[in-house]
Amino acid sequence: MGRYVARRLLQMIPVFIGTTLLIFLMVNALPGDPVKALWGDKPPDPAQVAQIKHDRGLDLPLWEQYLHYMKGLFQGDFGNTIAGNRPILDEITQAFPVSMRLAAMAWTFELVVGITLGVIAGVRRGRIIDTTVTFFTLLVISVPIFVFGLGFQLIFGNELGWVKPTVQDSENFQQLMLPALVLGLVGLAYVARLTRTSIKENRSADYIRTAVAKGLPRRRIISRHLLRNSLIPVVTYLGTDIGALMGGAVITEGIFNVTGVGNLLYTGIARREGAIIVGIVTVLVIVYLLASLLVDLLYAVLDPRIRYA
Amino acid sequence: MTITEKTADVPAPRSGEDKSGRLLDVKDLHVEFHTRDGVVKAVNGVNYSVDAGETLAVLGESGSGKSVTAQAIMGILDMPPGKIPQGEIVFRGQDMLKMSGEERRKIRGRKIAMIFQDALSSLNPVLSVGYQLGEMFRVHEGMSRKEAKAKAVELMDRVKIPAAKQRVSDYPHQFSGGMRQRIMIAMALALEPDLIIADEPTTALDVTVQAQVMDLLAELQREYNMGLILITHDLGVVADVADKIAVMYAGRIVETAPVHELYKRPAHPYTRGLLDSIPRLDQKGQELYAIKGLPPNLLKIPSGCAFNPRCPKATDICRTDVPPLVPVTERDGAELVGRGSACHFWKETIHG
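If you read the protein sequences in the order shown, they are chains A and B. Residue numbers are given in my numbering: position 125 of the first sequence equals residue 162, and the series is strictly consecutive. Residue numbers are given in my numbering: position 246 of the second sequence equals residue 230, and the series is strictly consecutive.
Shown next as structure tokens:
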């Protein structure tokens, strides 16, 4: 077990280097120049542009820039923004807790509501509740997320006035509720569908028949025998979704004005601030890698037939 | 820890209940499945009974309705699509088909237990065998987790699993096929039920282990004086352990007889066909007999006797009239206890 974890952690190194390099190159391939952008609509002064580029090391060859960046990264230095020359680490440490809170809320929502709906639909397959769940989850999956974002904002925020339409305080639990719901909606639909299919499949398994023949109450059969066997695909999805929820909230955070990672990422892209994008992606890659390791370890807990050595 | 010691050898007497007499009476049971293609008539008027300490073997090909009957008795049929349009299943004087779901649940496992064919798929892969065994005590007798585990170890000892104490926390996949089937037996035996239904308990095992498992089952049955319904298509298994046999075909019982009588003098052409298709050492080199044709499609059971398209002796009456299960007698009319045949020509079949 320990060896397995160590090996997995070592495997993360090449993945980490590969992804950061890829993002670094892609950001540099984007059209537009962050330094010239400082002048806005006015024509930039070529001498000043060259000076800034030289100061920030942007005139060096790309591979040298990458090496510099990685060197800084290992010392905890994510570089500075071009506009304003603020440390990027500060921006990230400000944005991450907000996104983490939002993601955690959305994730809990997916987990609890998604699995519950999935179990109910799977156990009562073919009934009205099953058809309803199947229909609505399909709807959620096929409609783009901003439609729900804007729609909920309009209905619950503006018309009904239940919540504030936008988040004024990104630390406030209550204000984050609606964005978290919107953010978790698609994941919830997937979780519900995965659970439903898995439950449906396992329901006719021989060991469930045995459990019934043992005279166990229905509740126990579902919770102890059926659910545990059905959770593996769901856990896989939920694990990888942690990363997706953290990084993929660009639209939701934009609609509800949450000052999280998504917002920062958007700013970075809009201003061609490569360092911000690479910095965020770096952290997200680590989150993804750790989450997937956690998922793999959870498999062994759920299913004793899986052993790691 | 007192519990572990006192029950090891002597089965505890059940308060106020005698363990003798008629246990189960299945009366005119019908089971059908409503599918997209039509109504599958899986069981068409089955009658049988089991007394305490008695072993009834139910014999028949796949699709003859033997398992479905057993599942109907257990109350584990999928309904829908399954349906029981008529019949009674009387257990200790009470018709179980009229009971509430909760009443039936309490009988399952505690009074009537079932052993399934494939122990690997019938045991939950993600729960330890100790947990699965202990669950019986926790659910039905409200024992604590610890007490239940001690009971599980005791049960595993009972069915002769070596090193039970060390293996109680192991998972089903860590056991061999024979050991897994022992665990199934232990689970069925846990609460010392009155009746055990064993649905092809040895089919998935290799031959050397088959005999061991059957012997164990027979031994435990004798000890606890349980009724046993043994469902099988293996005539060899039956001869050793059964008291009486019911042969099923297309959802009906076509012949009943005490075990040795049946082997000596079958009174139904189908039974005769089954017996003739057992390979025998003294007929080495000859072609092995096989019953011609296939089991009938249960969506469209042939008119008259369901066996008529495959029967070597079929005549016109077999194609029109359904033969009832009639008592079989000696040539001089003397009664043969427990014998019956559903053949128009049973006399010719048994007496040549």
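Note that beta-carbon positions come from the ideal geometry of N, C-alpha and C, so glycine has one too.
### Message
For the alpha helix (DSSP H) containing S33(B), name the first residue and the last one.
### Response
Taking the second sequence and counting its residues from 1, the one referred to as residue 33(B) is at position 49. No alpha helix (DSSP H) contains S33(B), which is instead part of the beta strand (DSSP E) from G22 to D35.
### Task
Output yes if chain A places a C-beta closer than 9 angstroms to the C-beta of D190(B); else output no.
Your numbering for residue 190(B) matches position 206 in the second sequence. No, D190(B) does not count as interfacial toward chain A.
### Query
How would you list, in chain order, the residues of chain A whose beta-carbon sits under 9 angstroms from the beta-carbon of F17(B)?
Within the second sequence, the letter at position 33 stands for residue 17(B). Near F17(B) there are no residues of chain A at all, since even the closest Cβ is about 14 angstroms away, more than 9 angstroms.
### Reduced DSSP secondary structure (H/G/I, E/B, other) of R164(B)
Counting from one through the second sequence, the residue named residue 164(B) turns up at place 180. Looking at R164(B) - three-state DSSP - the assignment turns out to be helix.
### Query
Going by DSSP, which residues form a beta bridge with E319(B)?
The count along the second sequence starts at 1 and reaches residue 319(B) at position 335. DSSP lists T313(B) as partners of E319(B).
### Message
Given this structure, state the Cα-to-Cα distance separating E119(B) from Q205(B), to the nearest angstrom.
### Response
Here residue 119(B) refers to the residue found at position 135 when the second sequence is read from its first residue. Here residue 205(B) refers to the residue found at position 221 when the second sequence is read from its first residue. Each residue's alpha carbon lies about 22 angstroms from the other.
### Query
Whose C-alpha, out of S153(B), G114(B) and V191(B), is nearest the C-alpha of G161(B)?
Within the second sequence, residue 161(B) is the residue found at index 177, counting from 1. When only C-alpha atoms are compared, the closest one is V191(B).
### Task
Using a threshold of 9 angstroms, state whether the C-beta atoms of L215(A) and Q190(A) are closer than that.
By one-based count along the first sequence, residue 215(A) stands at place 178. By one-based count along the first sequence, residue 190(A) stands at place 153. Yes, these two residues count as a Cβ contact at 9 angstroms.
### Reference T53(B); option with closest CA among A134(B), V231(B) and P177(B)
Position 69 of the second sequence holds residue 53(B). Measuring from the Cα of T53(B), the nearest candidate turns out to be V231(B).
### Message
Output needed for V86(A): all residues of its chain with C-beta closer than 7 angstroms, excluding positions within five of it in sequence on either side, in chain order.
### Response
Your numbering for residue 86(A) matches position 49 in the first sequence. For V86(A), where only same-chain residues beyond five positions count, the Cβ hits under 7 angstroms are V72 and K73.
### Task
Count the CB pairs spanning the stretch 218 to 233 of chain A and the stretch 143 to 151 of chain A that are closer than 8 angstroms, and state whether there are at least three.
Contact between the stretch 218 to 233 of chain A and the stretch 143 to 151 of chain A is present: three or more C-beta pairs spanning the two stretches fall below 8 angstroms.
### Task
Enumerate in chain order the residues of its own chain whose CB-to-CB distance from E16(B) is below 7 angstroms, with the five nearest sequence positions on each side excluded.
The sequence position of residue 16(B) within the second sequence is 32, counting from 1. The beta carbon of E16(B) sits closer than 7 angstroms to those of V23, V24, K25, A26, K67 and P69, all from its chain and outside the five residues before and after it, given in chain order.
### Task
Tell me, to the nearest whole angstrom, how far the beta carbon of N28(B) is from that of H14(B); I am working on the premise that it is less than 8 angstroms.
Start at 1 with the first residue of the second sequence, and residue 28(B) comes out as number 44. Start at 1 with the first residue of the second sequence, and residue 14(B) comes out as number 30. So it is a contact: roughly 6 angstroms between Cβ atoms.
### Message
Between which residues of its own chain and G299(A) is the CB-CB distance below 8 angstroms, once the five residues before and five after are set aside?
### Response
By one-based count along the first sequence, residue 299(A) stands at place 262. Result list for G299(A): S136, G284, G285, A286, V287, I288, T289, E290 and G291, in chain order.
### Query
Quick one: what's got a C-beta closer than 8 angstroms to N195(A)'s C-beta in the same chain, skipping five residues either side?
For this step, residue 195(A) is matched to residue 158 along the first sequence. Here the set comprises P202.
### Task
Look up S325(B) in the DSSP assignment and say whether it is helix, strand or coil.
As a first step, residue 325(B) must be located in the second sequence, where it is residue number 341. It is a strand residue.
### Query
Which stretch, first to last residue, makes up the alpha helix (DSSP H) that contains V197(B)?
Here residue 197(B) corresponds to residue number 213 of the second sequence, with the count starting at 1. Per DSSP, the continuous alpha helix (DSSP H) segment holding V197(B) begins and ends at V191 to Y208.
### Task
Specify the secondary structure class of S(-1)(B) as computed by DSSP and reduced to three states.
Taking the first residue of the second sequence as position 1, residue -1(B) is located at position 15. Only weak support is given to the placement of S(-1)(B): the predicted model assigns it a pLDDT of 42, under 50, and the value that follows is read from those uncertain coordinates. In the structure shown, S(-1)(B) sits in coil (DSSP, three-state: anything other than H, G, I, E or B).
### Listed by chain order, chain B residues near R164(A) by CB distance under 9 angstroms
Here residue 164(A) refers to the residue found at position 127 of the first sequence. Within 9 angstroms Cβ-Cβ: nothing; R164(A) doesn't reach chain B, min ~12 angstroms.
### Query
If you measure beta-carbon to beta-carbon, which residues of the stretch 86 to 115 of chain B are closer than 8 angstroms to chain A?
Within the stretch 86 to 115 of chain B, those residues whose Cβ lies closer than 8 angstroms to any Cβ of chain A are, in chain order, R89, K90, I91, R92, G93, R94, A97, M98, F100, D102, S105, S106, L107, N108, P109, V110, L111 and S112.
### Task
Starting from the C-beta of T319(A), find all residues in its chain whose C-beta is less than 6 angstroms away, skip the five residues before and the five after it, and write them out in chain order.
Sequence index remark: in the first sequence, residue 319(A) carries index 282 (1-based). Cβ neighbours of T319(A) beyond the five flanking positions: T57.
### Query
In this structure, what does DSSP give as the bridge partners for I60(A)?
For the purposes of this step, residue 60(A) is identified with residue 23 of the first sequence, where counting begins at 1. Partner(s): none; I60(A) has no beta bridge.
### Query
How about the stretch 260 to 270 of chain A and the stretch 94 to 107 of chain B: do they share at least three Cβ pairs that are nearer than 8 angstroms?
Per the Cβ contact rule, the stretch 260 to 270 of chain A is not in contact with the stretch 94 to 107 of chain B (fewer than 3 Cβ pairs under 8 angstroms).
### Chain-order list of residues whose beta-carbon lies under 7 angstroms from that of H329(B) (same chain, five-residue window excluded)
Within the second sequence, the letter at position 345 stands for residue 329(B). Inspection of the sequence shows that residue 329(B) is occupied by Phe rather than by His. Once the five neighbours on either side are set aside, the close Cβ partners of F329(B) are K297.
### Task
Output, in sequence order along the chain, the residues in the stretch 146 to 158 of chain B whose CB is closer than 8 angstroms to any CB in chain A.
Considering only beta carbons, the part of the stretch 146 to 158 of chain B lying closer than 8 angstroms to chain A consists of Y155 and H157, in chain order.
### Message
Run through the DSSP bridge pairs and tell me what K11(B) is partnered with.
### Response
Position 27 of the second sequence holds residue 11(B). According to DSSP, which records beta bridges pairwise, K11(B) is partnered with E72(B).
#### Entry: Straight-line gap, E208(A) to L187(A) (C-alpha atoms, nearest Å)
Along the first sequence, one-based indexing puts residue 208(A) at 171. Along the first sequence, one-based indexing puts residue 187(A) at 150. Per the coordinates, the alpha-carbon of E208(A) lies some 21 angstroms from the alpha-carbon of L187(A).
#### Entry: Contact set for G317(B): own chain, Cβ-Cβ below 6 angstroms, skip 5 residues either direction
As a position in the second sequence, residue 317(B) is number 333, starting the count at 1. By the criterion of a C-beta distance shorter than 6 angstroms, G317(B) is surrounded by no residue of its chain, once the five residues flanking it on both sides are discounted.
### Chain-ordered chain B contacts of L339(A) [CB-CB under 7 angstroms]
By one-based count along the first sequence, residue 339(A) stands at place 302. Per Cβ cutoff of 7 angstroms: V110.
### Task
Taking only runs that begin and end inside the stretch 148 to 216 of chain A, name each unbroken alpha helix (DSSP H) of 4 or more residues, in chain order.
Segments of the alpha helix (DSSP H) lying fully in the stretch 148 to 216 of chain A: 152 to 160, 165 to 179 and 182 to 189.
#### Entry: Segment limits, beta strand (DSSP E) that includes A241(B)
To locate residue 241(B), count along the second sequence from 1; it is residue 257. Annotation for A241(B): the continuous beta strand (DSSP E) segment containing it runs R236 to P242.
### Any beta strand (DSSP E) of 3 or more consecutive residues that is wholly inside the stretch 121 to 182 of chain B
Those beta strand (DSSP E) runs which fall completely within the stretch 121 to 182 of chain B and span 3+ residues do not exist here.
### Query
Do I180(B) and A56(B) have their C-beta atoms closer together than 9 angstroms?
By one-based count along the second sequence, residue 180(B) stands at place 196. By one-based count along the second sequence, residue 56(B) stands at place 72. At least 9 angstroms separates the beta-carbon of I180(B) from that of A56(B).
### Message
Between D243(A) and chain B, is the shortest Cβ-Cβ distance under 9 angstroms, so that the two count as touching?
### Response
Residue 243(A) sits at position 206 when you count from the first residue of the first sequence. Judged by the 9 angstroms Cβ criterion, D243(A) is in contact with chain B.
### Message
Just to confirm, is the Cβ distance from V152(B) to M140(B) under 9 angstroms?
### Response
In the second sequence, residue 152(B) corresponds to position 168, counting from 1. In the second sequence, residue 140(B) corresponds to position 156, counting from 1. A contact, by the Cβ cut-off of 9 angstroms.
### Task
For N266(A), go through chain B and note every residue whose CB falls closer than 8 angstroms to its CB, in chain order.
The residue you call residue 266(A) lines up with position 229 of the first sequence. Residues of chain B passing the Cβ test: N108, P109 and V110.
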